[in-house]
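Numbering (the UniProt record's numbering), first residue to last: 1 to 371.
Reading through the structure tokens given below for one structure.
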Amino acid sequence: MADSSKRKRMMHLMTMNINKSSRDMKIKRDQSEFSLHFGLVFHLDSEIEVLDLMYEDYFTAERSSMDSSNVFFLQSSDNPGIMLVSKPFDGNGYGAWRRAMEIALTAKNKLVFVNGSCKRPSVASIDLQNWERCNSIVISWILNGLTSDISGSVVYIKTAREMWLELEGRFGQLNGPLLYQLQKELSQVYQGYSSVTSYFTRIKSLWDEIQCLNDMPLCQYCMGVEQAKYEEKQKLAQLLMGLNESYSATRGNILMMKPFPSVREAYSIWIEKEKQREVSSTMQFNSEVVSMNAGSLPRNYSTKNVPQFPYKNKSDFRKIICEYCKKTGHSKDKCFKNSSQQSDEIARNVNMVTNSTTMAGPFTEEASGSW
């Protein structure tokens with residue numbers, strides 16, 4: 001019994017030593033992997049809790065980079081060669097280009113790399129590699145949206161935030177002068193010879209750009225409802241003032257409406273009125289063409305004078321006998337000889353009138369001279 005119990009104790013100690021050796025080997029393997037990733041050196045006597053904590057941070061970062069809501073997430077289509085805007089920026093229209101880039105970067109969940117929200121992590125951070133990859137992607141997208149001349153001047157900037165600030169400082173205007181310029185253009189917008197759609201598109205683009213510059217605080221009392229109604233009335237008044245005088249009746253009807261219509265409702269009324277005018281002008285043009293064609297016919301023209309052909313087959317046609325030349329196959333009004341005879345008579349009558357006019361000339365002169 002003593003030998004068996006002693007043997008069991010020895011087996012238990014050997015099992016513990018084997019487990020301890022396996023655990024030490026696992027720690028060494030994990031230490032080697034983390035030292036390659038982070039340049040850190042561990043000792044065998046380090047705390048197990050520290051190793052577990054770093055394990056948790058590492059795999060949390062890996063899972064977050066695979067989450068579509070994470071800023072470091074990249075889709076398969078997010079490559080450096082895509083172009084986010086339809087037209088590269090050439091130095092003109094920076095405000096519209098910036099707005100288009102902001103919309104595209106927001107859709108890609110990468111706007112934080114240009115507005116300063118996502119800063120560069122520290123060297124020891126496990127997110128550094130993901131940040132550098134996404135930063136390079138955003139830089140490529142910005143360069144693709146610039147012409148070759150402008151992109152060549154900012155290609156050596158290292159971060160997307162610095163590149164964005166460089167473009168903003170060179171091409172962006174201060175809100176004061178730009179707001180003055182937009183308000184001046186808005187006061188000079190008239191419909192002129194353009195359509196209602198073109199006029200509305202032009203004035204609405206100015207409204208939207210001015211609204212982006214004016215960051216009005218939200219009213220806490222009405223949550224911006226009354227402010228929105230006031231701005232809607234101001235926009236409708238500006239839109240009415242720029243319309244042509246041909247829409248004066250429609251303008252008066254809109255001003256008399258209660259409650260006051262919105263800009264969209266007024267625009268729908270103008271579009272309907274414009275379509276009605278196009279239809280009426282087309283109908284008037286067609287009636288004038290018909291009148292001109294009717295006026296070009298002779299006054300005594302009638303379908304009654306048009307000879308009818310009552311014969312249905314060739315046998316009936318051959319039974320016709322011309323009363324002038326006594327031949328078959330045609331009537332008197334279709335006879336060629338009769339037509340020639342009538343032409344000769346008309347020519348003789350014209351010659352007689354001409355000769356009589358010539359003879360009356362000397363007689364008139366002598367008679368006038370005798371008086």
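Note that the Cβ used here is the ideal one computed from N, Cα and C, for glycine as well.
Inset, instruction - Using three-state DSSP, classify Ile48 as helix, strand or coil. - result: On the sequence shown, position 48 is the one that residue 48 refers to. Here Ile48 scores only 46 on pLDDT, less than 50, and its place in the model is too uncertain to base an answer on.
Legend entry - Residues of its chain near Leu203, where Cβ-Cβ distance is below 6 Å and the 5 sequence neighbours each way are ignored: Indexing the sequence shown from 1 puts residue 203 at position 203. Rather than Leu, the amino acid found at residue 203 in this sequence is Ile. Setting aside the 5 residues that flank it on each side, Ile203 is surrounded in the same chain by Val189, each with a C-beta closer than 6 Å to its C-beta; the list follows chain order.
Inset, instruction - State the beta-bridge partners of Leu146 as determined by DSSP. - result: Within the sequence shown, the letter at position 146 stands for residue 146. Answer is Phe89, bridged to Leu146.
Inset, instruction - Identify whether residue 372 lies in helix, strand or coil by the three-state DSSP scheme. - result: For the chain, the structure presents residues 1 to 371; residue 372 sits outside this window and is missing.
Legend entry - Coarse secondary structure for Thr159, derived from DSSP in three states: Counting from one through the sequence shown, the residue named residue 159 turns up at place 159. Note: Thr159 maps to coil in three-state DSSP.
Legend entry - Boundaries (first-last residue) of the alpha helix (DSSP H) holding Ala104: Indexing the sequence shown from 1 puts residue 104 at position 104. That run of the alpha helix (DSSP H) goes Tyr94 to Ala107.
Inset, instruction - Starting from the C-beta of Ala249, find all residues in its chain whose C-beta is less than 7 Å away, skip the five residues before and the five after it, and write them out in chain order. - result: For this step, residue 249 is matched to residue 249 along the sequence shown. Excluding residues within five positions, none has a Cβ falling inside 7 Å.
Legend entry - 8 Å CB neighbourhood of Ile271 in its chain, flanking five on each side removed: The sequence position of residue 271 within the sequence shown is 271, counting from 1. Cβ contact annotation for Ile271 (same chain, cutoff 8 Å, sequence separation greater than five): Val196 and Thr197, in chain order.
Inset, instruction - Under 8 Å by Cβ, that's how I've got Ile137 and Leu74 pegged, so tell me the actual separation to the nearest angstrom. - result: As a position in the sequence shown, residue 137 is number 137, starting the count at 1. As a position in the sequence shown, residue 74 is number 74, starting the count at 1. Going by Cβ atoms, the distance from Ile137 to Leu74 rounds to 7 Å, so yes, they are a contact pair.
Inset, instruction - For the stretch 173 to 232, list the alpha helix (DSSP H) runs that are entirely contained and at least 4 residues long, ordered along the chain. - result: The stretch 173 to 232 contains these whole alpha helix (DSSP H) runs: 175 to 187 and 196 to 213.
Legend entry - is_contact[Asn79, chain B] using C-beta, thresh 8 Å: Absent here is chain B; the protein component of the structure consists of one chain.
Inset, instruction - Would you decide whether Gly145 is buried or exposed? Buried here means 16 or more other CB atoms lie within 10 Å of its CB. - result: Position 145 of the sequence shown, counted from the first residue, corresponds to residue 145. By the 10 Å Cβ count, Gly145 comes out buried.
Legend entry - Buried or exposed by the 16-neighbour rule on C-beta atoms within 10 Å, applied to Lys275: Looking up residue 275 in the sequence shown gives position 275. With a 10 Å radius around the Cβ and a threshold of 16 neighbouring Cβ atoms, Lys275 comes out exposed.
Legend entry - Own chain residues within Cβ distance below 6 Å of Val112, not counting five before or after: Within the sequence shown, residue 112 is the residue found at index 112, counting from 1. Excluding positions up to five away in sequence, the list reads Val71 and Cys118.
Inset, instruction - Classify Ile321 as helix, strand or coil using the three-state DSSP reduction. - result: Numbered from 1 along the sequence shown, position 321 holds the residue referred to as residue 321. In the displayed model, Ile321 falls within a strand according to three-state DSSP.
Inset, instruction - On a CA-only basis, which of Met256, Lys273 and Gln191 is nearest Gln238? Give me that one, please. - result: For this step, residue 238 is matched to residue 238 along the sequence shown. The residue with the shortest Cα to Cα distance from Gln238 is Gln191.
Inset, instruction - Look at the Cβ atom of Lys262, then the Cβ atom of Glu226, and state whether they are nearer than 8 Å. - result: Taking the sequence shown and counting its residues from 1, one reaches residue 262 at position 262. Taking the sequence shown and counting its residues from 1, one reaches residue 226 at position 226. Here the sequence assigns Ser to residue 262, which means Lys is not the residue at that position. No, the Cβ-Cβ distance between Ser262 and Glu226 is not below 8 Å.
Inset, instruction - Would you mind sorting Arg98 into buried or exposed? The rule is 16 or more other CB atoms within 10 Å of its CB. - result: Locating residue 98 in the sequence shown gives position 98, counting from the first residue. Arg98 is buried by the Cβ-count criterion.
Inset, instruction - Could you check if Asp127 is buried or exposed, using at least 16 other CB atoms within 10 Å of its CB as the buried criterion? - result: Here residue 127 is taken as the residue at index 127 of the sequence shown, counted from 1. Under this definition Asp127 is a buried residue.
Legend entry - Cβ-based burial, Tyr193 [other Cβ within 10 Å; buried from 16]: The residue given as residue 193 occupies position 193 in the sequence shown. In summary, Tyr193 is exposed, with fewer than 16 beta-carbon neighbours lying within 10 Å of its beta-carbon over all protein chains present.
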